[in-house]
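Below is one structure, written out as structure tokens; comments come after it.
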Amino acid sequence: MDGRRILAERTGTTAPPARLGAQIRDTLGLFRSSGFGRRAALLVAALVGVIGLTAYMQIRLNAWNEPFYDALTRKDMAAFVTQLGVFAVLAGVLLVLNVSQLWLDQTMKLTLRRGLFRALVRDWMAPGRALRLSRAGKIGENPDQRLQADVDQLADLSAALGIGLFQATLLLGSFIGVLWRKSEGFSLSFGGQSHEIPGFMVWCALFYAVAASWLSWRVGRPLVALRAEESAREAVLRFDLVRISEAAGRIALERGERAETSRIETSFAGVVGIVEAVILATANLTWVTAGYGWFTLVAPILVAAPFYFTSDMSIGELMMVAGAFTQVQGSLRWFVSNFAVIATWRATLFRVTSFHRAVLAVDRAEAAAEAAGPRIDRREDAGRIEIAGLHVVTPQVGVRLDPPEVIVGPGERVLLHGGSGSGKTLLFDTLAGLWTRAEGHIAMPPPDRVMYLPTRAYVPPGRLDLALCYPEPAERYGHDQMVAALDAVGLGHLSAALGESGRWDQLLGQSDKQCLVFARALLRCPDWLVMDDVLDQLDPEALTRIEALLQGRLARLGVLGIGDGATPSPVFGRVVQIVAEPGSARHGAGTAAP
57 MDGRRILAER TGTTAPPARL GAQIRDTLGL FRSSGFGRRA ALLVAALVGV
107 IGLTAYMQIR LNAWNEPFYD ALTRKDMAAF VTQLGVFAVL AGVLLVLNVS
157 QLWLDQTMKL TLRRGLFRAL VRDWMAPGRA LRLSRAGKIG ENPDQRLQAD
207 VDQLADLSAA LGIGLFQATL LLGSFIGVLW RKSEGFSLSF GGQSHEIPGF
257 MVWCALFYAV AASWLSWRVG RPLVALRAEE SAREAVLRFD LVRISEAAGR
307 IALERGERAE TSRIETSFAG VVGIVEAVIL ATANLTWVTA GYGWFTLVAP
357 ILVAAPFYFT SDMSIGELMM VAGAFTQVQG SLRWFVSNFA VIATWRATLF
407 RVTSFHRAVL AVDRAEAAAE AAGPRIDRRE DAGRIEIAGL HVVTPQVGVR
457 LDPPEVIVGP GERVLLHGGS GSGKTLLFDT LAGLWTRAEG HIAMPPPDRV
507 MYLPTRAYVP PGRLDLALCY PEPAERYGHD QMVAALDAVG LGHLSAALGE
557 SGRWDQLLGQ SDKQCLVFAR ALLRCPDWLV MDDVLDQLDP EALTRIEALL
607 QGRLARLGVL GIGDGATPSP VFGRVVQIVA EPGSARHGAG TAAP
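And the structure:
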């Protein structure tokens, strides 16, 4: 199977994989859109300057070998001490350059990560995209890994490989001339004649590095797909662990520890299996890279030895030639030493670009699905809520209303009543615009005048005042307003904790979280509430308080509720039945219902 297609399957996308050049162009375009391009350009310019100066100083240091070792050969103490002073100056300058390069290198990595992270998050968090991506199949799984671990690794490896490649190329260009000049006069005798070979040591270094590079490529090629698979399996394991941590209470109630242990061990076994394959592939590659590295210690001397023994070359010149040979073959072996790193970089680049392409593609996929399937006529500029002929269909369930026409004017309260499994949440998502596979007409007031209250209230972690005002900043409302809102819904005891941070989604019970959302509504002052089984989540005391609030202080609000009516509420003056029907494979096929 084609290697790029293997990568596609193992990193969670079924789309035809883009070539490396296209992936790099996509990533550069993504980074430029982040606003960090100018900063990165300045860092690149600084790195080019520092690396260029470093290469020049290394040429000077290599040239220093000749007078230093010649002084040792002559046992010339004065020249020896002089060359030690020269070395101190060269080493001091190189130290400053190395520290500067390290700082620029790390800053470049951070800048790349900031830019990629900002651009990806902005595209991912465009209205409705994160939800649509979560329904898109395997590519939508574990976005946390793509945005955190993969972006971090891609930024780190891109900077390291880019800087390393430039430095190796510059050193190669700098020292290849030195090595070529020092190879002048080298000849081989065969057939009774002496044949001069221009640049003999350059060709030896080139052959040596190319042979090792080809062998490394052959041995290390499987690492690309293996690294991608390793990242995917690690993400699955991490997701399972996070899920268990968040559902620990419910698992304990079901005595499900043994089942969850088995699930985790299965996920971990998958990780172990792929890591073992990576270890084996890396070990095979190490035979080449390590063997190459050890032989390199004597290779330059072995290549220059015939010339040294048959000419008047001094020991200082020999060490200078050996140093130049080491720099040339060291630059050429950059690919050899970094093949495993390049494999990891390619796998990570593929994961990030495939995720970004999927983020952008979900809009087109949604539009295509709407064009091919049922279409809903929706507008969001009405002065009331209007529903006419609504028919929502998925492979699992179909939903319609009886009567089919529902109008909720300002201050009116209507309950859409349905039993368990009747598609209440699907209907709620359709009204909120999160599910579009439907037929009929929906007219809603402007989005900033409507609040949608789902069955499970969303309370973000962090400071309580931020959770109360979400998604607005806490500074938009005064402290006294927040305290009054909490008091009105029976959460006055939390007023002292408004500035405290915590996992409020875990610290608060379901009833308290719904009350917090009603406090949020008091601050936001919408004209309409659309609720999905919200009142049924409240305990009796909280229900009494919220009903009084809806009939008193919030009496002007239009309310469209969805629920099973298990607890008759005086809030609603009219009831419309939700009618559940068998689903249809024709509508919404391939997309899970919310």
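For the sequence shown, our numbering gives the first residue as 57, with consecutive numbering after it.
Even for Gly, the Cβ is constructed at its ideal location relative to N, Cα and C.
All figures in this text were calculated on a predicted structure; none of them were measured in a lab.
- In the structure shown, Gly379 falls within a helical segment according to DSSP collapsed to helix, strand and coil.
- Across the structure, Phe406 and Gly534 are spaced so that their CA atoms are roughly 47 angstroms apart.
- Taking a C-beta distance under 8 angstroms as the contact criterion, Val631 and His473 qualify as a contact pair.
- Per DSSP, the beta bridge partners of Val615 are Arg469 and Leu585.
- Excluding five sequence positions before and after Ile232, the CB atoms of its chain that fall closer than 7 angstroms to its own CB belong to Val258 and Val384, given in chain order.
- Out of Ala308, Leu542 and Arg580, the CA that lies nearest to the CA of Lys569 is found in Leu542.
- Collapsing the DSSP output to three states places Arg456 in a strand.
- Val462 carries a strand assignment under DSSP once its states are collapsed to helix, strand and coil.
- By the neighbour-count criterion, in which 16 or more other beta carbons inside 10 Å mark a residue as buried, Tyr125 falls on the buried side.
- In this structure, Glu637 places its C-beta atom within 8 angstroms of the C-beta atom of Gly454.
- The criterion of a C-beta distance shorter than 8 angstroms is not satisfied by Asp206 and Arg169.
- Taking C-beta atoms as the reference points, Ala186 and Ala414 fail to come closer than 8 angstroms.
- In the DSSP assignment, Arg435 falls within the unbroken beta strand (DSSP E) covering Ile432 to Arg435.
- Annotation: the continuous beta strand (DSSP E) that includes Met507 extends over Val506 to Leu509.
- Separation of Arg469 and Pro199 (C-alpha to C-alpha, rounded to the nearest whole angstrom) is 39 angstroms.
- If you draw a 10 Å sphere on the C-beta of Lys131, you find fewer than 16 other C-beta atoms in it, and that means exposed.
- Beta bridge pairing from DSSP links His497 with Asp433 and Ala444.
- Excluding the 5 residues flanking it on each side, Val334 has same chain C-beta neighbours closer than 8 angstroms at Leu279, Leu282, Arg283 and Glu286, in chain order.
- The C-beta separation of Thr225 from Gln157 comes to about 15 angstroms, leaving the pair out of contact by the 8 angstroms criterion.
- Going by beta carbons, Val586 and Leu487 fall inside the 8 angstroms limit.
- Sixteen is the threshold: when 16 or more other Cβ atoms of the shown chains lie within 10 Å of the Cβ of Arg576, as they do, the residue is buried.
- The Cβ atoms of Val408 and Leu128 do not sit closer than 8 angstroms to each other.
- The beta-bridge partner set that DSSP reports for Val292 is empty.
- For Gln633, DSSP records a beta bridge to Asp458 and His473.
- Within the same chain, and ignoring the five residues on either side of Val344 in sequence, the residues whose Cβ sits closer than 6 angstroms to its Cβ are Leu271, Ser272 and Val275.
- Annotation: Asp504 to Asp212 spans about 41 angstroms, alpha carbon to alpha carbon.
- Under the DSSP assignment, Val590 falls outside any alpha helix (DSSP H); it carries neither an H nor an E label.
- Assignment of Arg311 by DSSP, reduced to helix, strand and coil, places it in the coil class.
- If you look at Asn154, you'll find it in the alpha helix (DSSP H) that goes Met133 to Trp180.
- Contact check for Asn394 against Gly220 passes: the beta carbons are separated by less than 8 angstroms.
- In this structure the segment 164-179 lies against the segment 84-100, because at least three pairs of beta carbons, one per stretch, are closer than 8 angstroms.
- Following the DSSP letters along the chain, one finds Thr492 in no alpha helix (DSSP H), marked with neither H nor E.
- When Ala339, Ala598 and Ala378 are compared, the shortest CA-CA separation from Ala361 is found for Ala378.
- Look at Ser287 here: in three-state DSSP terms it is helix.
- By the CB criterion at 8 angstroms, Ala530 and Asp521 fall inside the cutoff.
- The Cβ neighbour count for Gly467, taken over all protein chains shown within 10 Å, is under 16; the residue is labelled exposed.
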